[in-house]
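Asker: Once you know that position 393 of the sequence shown is 410 in the working numbering, the rest is easy, because the numbers rise by one and skip nothing. This is the structure, below, for whatever I ask next.
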Amino acid sequence: MKSHLFRSLVIWVVLVAAISCQPEKKKRVLHFPKTDLSKLALIPKPLKVISTEDGFALDRFTAIYTSETATGFADVAGFLAEKIKAKTNLDVPVNRAEASDQQGIIYINQSDAPELDALEAYQLYITPDSVILNSNSAVGAFRGVQTLRQIISETSNDTLADYKIWTIPTGKITDSPSFEYRGSMLDVARHFFSVEDVKKYIDLLAYYKYNVLHLHLSDDQGWRIEIKSWPKLTEVGGSTEVGGAAGGFYTQEDYKDIVRYAAKHHMMIVPEIDMPGHTNAASASYPILNGNGKTPKLYEGTEVGFSTFDTRKDTVYAFIDDVVREISSISPGPYFHIGGDESHVTKKNDYIYFVEKVEKIVQKYGKRMIGWDEVATADIDSTSISQFWASKENADLSIQKGMKVIMSPAKKAYLDMQYDTLSKHGLHWAAYIPVDTAYIWTPEEYEGIPIENILGVEAPLWSETISNIDELEYLAFPRAIGYSELSWTPKENRDWESYKVRLANQAPFLDRMDVKYYPSPLIDWKKSKYTYEEIQKD
Ligand code: TNX
């Protein structure tokens, strides 16, 4: 570590020397309106922002350097360069010493400083000469890069200069997340979403520092991931969806592509196979699984709670072993989600027996089990995780067992709930969730669940009523942006009045990303591409 530090120091001294030796003719004149770093619309709000009210020029003389040997840092720098190019059209070189025209350096530095101990912590020092992003690990650097992107997103280029300069306000940001698990779930079972759609969702979530995308890969209406040892799951079970369109599925190569793409964004995929209920598509593919001697038809409706596996049959556990083994082998993350919700036609004893057996299978393949809150009724391990969506009683059972809980209360965190009675898509069985209601609640204190038990927050997007990316975006945005702040920023630093102004300022970014978000009339959007009336009409 010491040699690391020393090497960083040497590189730094060399870079500073290189900058100061630049011929005077290249000195740039900045014409910038002074911006206060602490007034920028950063979401999630960083822990601490100090403004020094000067400017760093991002222009054709800027270069990025990283600690040489720090794992993943060069990739993070490459990601930043790509995004700067997309926003400004500047080609910023990464770790290219021969780019000798440099005047301003962005340095992404691996640091062992004790204040950067927390995973994902970072510091950003912006001075007129340099931007130094310090973090202990590539993941922290990546989160810091999102902050830098958000800062750059708010700068406009200086039209008075003879070449383009984006002036970045100077100051210091110190930041680190409240919760280690900050997720959204996408239901690709009720309606299938393509690899491209999922990647776009990852792009957007990563910008707001999410680190988990949970994929709901199976349900009554569809089985969406190739299992090589049980090929009919996708041949039959993947062939339709709600409403009767063709459905679809991910091959294992597709899934690996999604996992890799998520990893590039320092996000993990949590795969979910929902069982023993929500299994009509599996039993339609292999009728032996439901044990009632009938071959169920493929289902294209939206009822829940009518299907179950036969929990007393060895074949069922051999099947689950294969499924968990194949999916775990291509899922580098630590978790496997077994669903476990709404098994209304499974007898209580059978349900408990089933969850306990499946927990062992998940552990055999080196994963920690996650299940919807009903799984806490079984005798399961404290290392398993329960996802609180509806039952306070089940949440309490989880706590008694010493388990961690993921906060997804349907009344507050379900992205598929309608905003109000005029919403074009969504359900309202739990609540209407306008943009303020989605933000103004406290996961840290919700329903008396102790903060020590809370792993994080996840906003699920069920897809009964949405079948394409525009509809997905209508429900997810802007509310998903607020959930990022609930899981990253401590409650003392959250405030609706401040948030709503920062949210209004996301419009240019969302427009640039071509996101068909719901322009809630509660927000005074900064020049949005689409008006409320345009989005609401059919
Ligand atoms: C309840 S939340 C469900 C899902 C539905 C959702 C619709 C949960 C664990 N189960 O099967 O899609 O409501 O909002």
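Glycine included, each C-beta is placed from N, C-alpha and C at the ideal position.
Are ALA524 and LYS554 close, meaning C-beta to C-beta below 8 Å?
Answerer: Against a cut-off of 8 Å, the Cβ pair of LYS554 and ALA524 comes out as no contact.
Asker: Ordered along the chain, which non-local residues of its own chain (more than five positions away) have a Cβ less than 7 Å from that of SER501?
Answerer: Same-chain partners within the cutoff: ILE60, PRO61, ARG199, TYR225, LYS226, TYR227.
Asker: By how many angstroms is the C-alpha of VAL253 removed from the C-alpha of VAL205?
Answerer: Straight-line Cα distance between these residues: approximately 16 Å.
Asker: Between the segment 511–521 and the segment 451–458, do three or more beta carbon pairs fall short of 8 Å?
Answerer: Output reads yes: the segment 451–458 touches the segment 511–521.
Asker: Name the DSSP beta bridge partners of MET386, please?
Answerer: In the DSSP output, where bridge partners are listed per residue, MET386 has PHE353.
Asker: Decide yes or no for the touch test of the segment 142–149 against the segment 207–214: beta carbon pairs closer than 8 Å, at least 3 of them.
Answerer: Contact between the segment 142–149 and the segment 207–214 is absent, because fewer than three Cβ pairs lie under 8 Å.
Asker: Any contact of the segment 322–341 with the segment 262–272, i.e. 3+ C-beta pairs under 8 Å?
Answerer: Taking 8 Å as the limit for Cβ pairs, the verdict is that the segment 262–272 does not touch the segment 322–341.
Asker: Please state the DSSP three-state secondary structure of ILE457.
Answerer: Coil.
Asker: Kindly provide the ranges of any beta strand (DSSP E) runs that are 3 or more residues long and lie completely inside the segment 393–458, ordered along the chain.
Answerer: The qualifying runs are 402–405, 421–424.
Asker: Which complete alpha helix (DSSP H) runs does the segment 62–133 hold, if anything under 4 residues is left out?
Answerer: Counting whole runs of 4 or more residues, the segment 62–133 contains the alpha helix (DSSP H) stretches 90–105.
Asker: How would you write the range of the beta strand (DSSP E) that LEU527 sits in, first residue to last?
Answerer: No beta strand (DSSP E) holds LEU527; the alpha helix (DSSP H) holding it covers 524–529.
Asker: Out of ILE347, TYR218, GLY318, TYR382, which has the shortest C-alpha to C-alpha gap to ARG277?
Answerer: Comparing Cα positions, the closest option is ILE347.
Asker: I need the straight-line Cα distance from SER152 to GLU243, nearest angstrom please.
Answerer: Taking the straight line joining both Cα atoms gives about 38 Å.
Asker: What would DSSP say about TYR225, mapped onto helix, strand or coil?
Answerer: Coil at TYR225, not helix or strand.
Asker: Report the residue from HIS295, ILE378, PRO304 whose alpha carbon sits nearest the alpha carbon of HIS361.
Answerer: With distances taken between Cα atoms, HIS361 lies closest to HIS295.
Asker: What do you reckon, is the C-beta of TYR352 under 7 Å from a heavy atom of ligand 1?
Answerer: No - ligand 1 has no heavy atom lying nearer than 7 Å to the Cβ of TYR352.
Asker: Can we say the segment 248–262 touches the segment 178–192, given the rule of at least three CB pairs closer than 8 Å?
Answerer: Segments in contact, no.
Asker: Go to THR332, then tell me how far its beta strand (DSSP E) extends in each direction, as first and last residue.
Answerer: Careful: THR332 lies outside any beta strand (DSSP E), inside the alpha helix (DSSP H) at 331–346.
Asker: Just confirm the distance between the C-beta atoms of ASP487 and LYS533, as a whole number of angstroms; I'd bet it's less than 8 Å.
Answerer: Between LYS533 and ASP487 the Cβ distance is about 4 Å, and since that is below 8 Å, they are a contact.
Asker: Since ASN126 contacts ILE101 with CB under 8 Å, what's their CB separation in whole angstroms?
Answerer: ASN126 to ILE101, Cβ: 18 Å. No contact.
Asker: Strictly by DSSP, which residues pair up with GLN140?
Answerer: ASN151, THR191, per the DSSP bridge assignment.
Asker: So if DSSP puts LEU250 in a beta bridge, which residue, or which two residues, is it bridged to?
Answerer: LEU250 is not bridged to any residue.
Asker: Would you check if the distance between the CB atom of LEU596 and the CB atom of GLU289 is smaller than 8 Å?
Answerer: Outside the shown range of the chain, which is 18 to 555, sits residue 596, and nothing can be said about it.
Asker: Which of helix, strand or coil does DSSP assign to GLU41?
Answerer: Residue confidence for GLU41 is low, a pLDDT of 41 falling below 50, so the modelled location carries little weight and cannot support an answer.
Asker: At the level of alpha carbons, what is the spacing between LYS56 and PRO63?
Answerer: Computed Cα separation, rounded: 12 Å.
Asker: Relative to the alpha-carbon of ILE471, which residue among ILE423, TRP446, VAL518 has its alpha-carbon at the smallest distance?
Answerer: The option with the nearest alpha carbon to ILE471 is ILE423.
Asker: Could you check if LYS384 is buried or exposed, using at least 16 other CB atoms within 10 Å of its CB as the buried criterion?
Answerer: The residue in question, LYS384, is buried, as its Cβ has 16 or more Cβ neighbours within 10 Å.
Asker: Name the two residues that bound the continuous beta strand (DSSP E) containing TYR368.
Answerer: No beta strand (DSSP E) contains TYR368, which is instead part of the alpha helix (DSSP H) from 365–381.
Asker: Tell me which residues share the same chain as LYS44 and place their Cβ nearer than 6 Å to its Cβ, disregarding the 5 neighbours each side in the sequence.
Answerer: Here LYS44 scores only 49 on pLDDT, less than 50, and its place in the model should not be relied on; the value that follows carries that caveat. Closer than 6 Å at Cβ, skipping near neighbours: no residue.
Asker: Ligand 1 and TYR431: does any heavy atom of the ligand fall closer than 7 Å to the residue's C-beta?
Answerer: Yes, Cβ of TYR431 sits closer than 7 Å to a heavy atom of ligand 1.
Asker: Let me know the beta strand (DSSP E) ranges lying completely inside the segment 461–495, each 3 residues or longer, listed in chain order.
Answerer: If we require 3 residues or more, the beta strand (DSSP E) runs fully inside the segment 461–495 come out as 471–478.
Asker: Using the beta-carbon count (16 or more within 10 Å), is ALA393 buried or exposed?
Answerer: By the 10 Å Cβ count, ALA393 comes out buried.
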